[in-house]
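Read in order, the letters of the sequence shown correspond to residues 631 to 785 in my numbering.
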Amino acid sequence: MGIYHKVGIRATEKEVISALTTKSGLANWWTKEVGGDFTSGVSTVGDMISFGFGHGNVIEMKVQELTPNRVLWECISGPEDWIESHIDFQLKLGNTSSGEKLTILFFRHKDWKLETEFTAHCSMKWATFLLSLKNYIENGVGKPSPEDIKIDDIN
Numbered sequence: 631m632g633i634y635h636k637v638g639i640r641a642t643e644k645e646v647i648s649a650l651t652t653k654s655g656l657a658n659w660w661t662k663e664v665g666g667d668f669t670s671g672v673s674t675v676g677d678m679i680s681f682g683f684g685h686g687n688v689i690e691m692k693v694q695e696l697t698p699n700r701v702l703w704e705c706i707s708g709p710e711d712w713i714e715s716h717i718d719f720q721l722k723l724g725n726t727s728s729g730e731k732l733t734i735l736f737f738r739h740k741d742w743k744l745e746t747e748f749t750a751h752c753s754m755k756w757a758t759f760l761l762s763l764k765n766y767i768e769n770g771v772g773k774p775s776p777e778d779i780k781i782d783d784i785n
């Protein structure tokens, strides 16, 4: 079970990867509370990254794969339903209907243990954060937590 989304971003794969692998990139679209080593300026395979969402809610991810067109994390700690799940960002080149180049981002949050109300919440939240990523890369302004769109009774 999992969550699957697709979004086109008017940017190069390199620009998208930067937003997925740098502390400032991640802090500008997902959550402002990003921690981790980032010693070379970017995350690398084996690194641990922490993401805070207020009220003591922290998610820790381990970078499992990093290539010019893929970022794969494993959730090490956080919500019970997320532990041992995987967050997979895969990129490919594409074009708009008018022929303008763009990067297509295929997002998967996979290996959920159960499909629950929380899965539905997370699916919608991921959609809002992926639009935040798109806006950050294309226009320089995202809506990371705590400024994200609130969608239901969970947040």
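We put the beta carbon where it would ideally sit given N, CA and C, even for glycine.
Check: If you run the structure through DSSP and keep just helix, strand and coil, what is T733?
Finding: In this structure, T733 counts as strand in the three-state DSSP scheme.
Margin query: Cutting at 6 Å between CB atoms, please list the residues of its own chain near E704, excluding the five before and the five after it.
Written below: Around E704: K692, Q694 and H716.
Check: What's the C-alpha gap between E710 and G686?
Finding: Per the coordinates, the alpha-carbon of E710 lies some 15 Å from the alpha-carbon of G686.
Next item on the list: On the DSSP bridge assignment, give the partners of K583 in chain order.
Entry: The requested residue 583 is not part of the displayed model; the chain covers only 631 to 785.
Next item on the list: Would you give the residue range spanned by the beta strand (DSSP E) that K722 belongs to?
Entry: Counted as a single uninterrupted DSSP element, the beta strand (DSSP E) harbouring K722 occupies residues H716 to N725.
Notebook entry, point to check: Taking the alpha-carbon positions, what's the L721 to K780 distance?
Noted result: Approximately 27 Å, taken between the alpha carbons.
Item checked: Sequence-distant residues of the same chain with beta carbon closer than 6 Å to V688, five excluded per side -> Take V688, set aside five residues on each side of it, and the residues of its chain with a beta-carbon closer than 6 Å to its own are S680 and G682, in chain order.
Check: Residues in its own chain within less than 8 Å of D677 by CB, not counting five upstream and five downstream?
Finding: Contacts found: G666, D667, F668, K692 and V693.
Item checked: Proximity to G671 [Cα-Cα], best of T651, L696, S775 and L760 -> G671 has its Cα closest to that of T651, out of T651, L696, S775 and L760.
Note to self: Just verifying my parser: in three-state terms, what is the DSSP assignment at S762?
What the structure shows: S762: helix per DSSP, three-state reduction.
Item checked: K764 burial status per 10 Å Cβ neighbour count (16 or more: buried) -> With 16 or more neighbouring CB atoms inside 10 Å of its own CB, K764 falls in the buried class.
Margin query: Output needed for A641: all residues of its chain with C-beta closer than 8 Å, excluding positions within five of it in sequence on either side, in chain order.
Written below: Taken in chain order, the residues that qualify are L732, T733, I767 and E768.
Note to self: If you follow the beta strand (DSSP E) that I633 is in, where does it begin and where does it stop?
What the structure shows: Per DSSP, I633 is one residue of the beta strand (DSSP E) stretching across G632 to I639.
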